[in-house]
Amino acid sequence: MKLSGQHISLRALEPTDVDLLYQWENDTEVWEVSHTQTPFSKLVLKEYLSAAYQDIYTTKQLRLVIETTSEKKAVGCIDLFDFEPNHQRVGVGILIANKDERRKNYATEALGLLKEYCFTTLNVHQIFCNITTDNEPSILLFQKEGFEITGIKKQWIRSGAVFKDEFLLQLIRK
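Under our numbering, the residue at position 36 of the sequence shown is numbered 97, and the numbers go up by one with no gaps.
Below you can see the structure in the form of structure tokens.
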């Protein structure tokens, strides 16, 4: 299975990615969607990276770095989580970290590659994601890739003093 496309490739985490993860995980602008509430230390991230060799069947999650094929520049990551081999489903989340790198179709290409990996290698029946109802760019991205809104979780995410609704989107293998 090839995890590379025309403009990006998906690669495993490397120990040298600790500074990238430190920057991405501690960006408070994305904490709402990542459900993070406290900063991560480099020590914790180094320990995470040292265990990253374990496969998805053990950890039930997988993080891959989205890297441009031309410059070999890491622009974000795509995560699988809540992997359930028995029920053949997995969740997906995606981050294009730098705002200047967004809207260049990196996320679309990464999601397409990951869908193929999930359906052919992991043999999942469905992929799901959770997106707040006000995150139109993410909703459009996932819908463009065939995901359908199948549910809504009312007042699911606290954002400051307000609660936001969250859509459940699913892509079921045909």
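Beta carbons are placed, not taken as given, at the ideal position from N, Cα and C, and that holds for glycine.
Quick one: give me the first and last residue of the beta strand (DSSP E) that L229 is part of. Position 168 of the sequence shown, counted from the first residue, corresponds to residue 229. Start and end: 223-233.
Any idea which residues DSSP pairs N87 with across the strands? Looking up residue 87 in the sequence shown gives position 26. Answer is none; N87 lacks a bridge partner.
Can you tell me the Cα-Cα spacing of D195 and E209, whole angstroms? One-based indexing of the sequence shown puts residue 195 at position 134. One-based indexing of the sequence shown puts residue 209 at position 148. Going by the C-alpha atoms only, they are around 16 Å apart.
Straight-line CA distance for P76 to Q84? The sequence position of residue 76 within the sequence shown is 15, counting from 1. The sequence position of residue 84 within the sequence shown is 23, counting from 1. Spanning the two alpha carbons is a distance of roughly 15 Å.
By how many angstroms is the C-alpha of I188 removed from the C-alpha of V151? Against the sequence shown, residue 151 aligns to sequence position 90. Against the sequence shown, residue 188 aligns to sequence position 127. If I take the Cα positions, the gap works out to 5 Å.
Beta bridge counterpart(s) of A73 as assigned by DSSP: The sequence position of residue 73 within the sequence shown is 12, counting from 1. Looking at the DSSP assignment, A73 forms a beta bridge with L125.
For L232, I'd like the list of residues in its chain whose CB is within less than 6 Å of its CB, leaving aside the five on either flank, ordered along the chain. Position 171 of the sequence shown holds residue 232. These residues qualify, in order along the chain: I188, G207, F208.
So what's L183 in DSSP terms, helix, strand or just coil? Within the sequence shown, numbered from 1, the residue matching residue 183 stands at position 122. Coil, per DSSP.
Measure the C-alpha to C-alpha separation of E220 and L229 and round it to an integer number of angstroms. For the purposes of this step, residue 220 is taken as the residue at position 159 of the sequence shown. For the purposes of this step, residue 229 is taken as the residue at position 168 of the sequence shown. It should be noted that the sequence gives Ser, not Glu, for residue 220. Going from the Cα of S220 to the Cα of L229 covers about 18 Å.
Using the C-alpha atoms, what's the distance from C190 back to E227? In the sequence shown, counting from the first residue as 1, residue 227 sits at position 166. In the sequence shown, counting from the first residue as 1, residue 190 sits at position 129. Their backbone Cα atoms lie some 10 Å apart in a straight line.
For a test of the three-state rule: what should DSSP assign to F101, helix, strand or coil? In the sequence shown, residue 101 corresponds to position 40, counting from 1. It is coil, neither helix nor strand.
For a quick check, are the C-beta atoms of V136 and A113 less than 8 Å apart? Against the sequence shown, residue 136 aligns to sequence position 75. Against the sequence shown, residue 113 aligns to sequence position 52. A distance of 8 Å or more separates the beta carbons of V136 and A113.
Would you kindly work out how many angstroms separate the C-alpha atoms of K165 and L104, rounded to a whole number? Along the sequence shown, one-based indexing puts residue 165 at 104. Along the sequence shown, one-based indexing puts residue 104 at 43. K165 and L104: Cα-Cα distance of roughly 33 Å.
Distance between I218 and F101 (C-alpha atoms, nearest Å): By 1-based counting over the sequence shown, the position of residue 101 is 40. By 1-based counting over the sequence shown, the position of residue 218 is 157. If you draw a straight line from the Cα of F101 to the Cα of I218, it is about 21 Å long.
Out of L201, V79, Q204, A222, state which residue places its alpha-carbon closest to the alpha-carbon of L110. Here residue 110 refers to the residue found at position 49 of the sequence shown. Taking only the C-alpha atoms, the option nearest L110 is V79.
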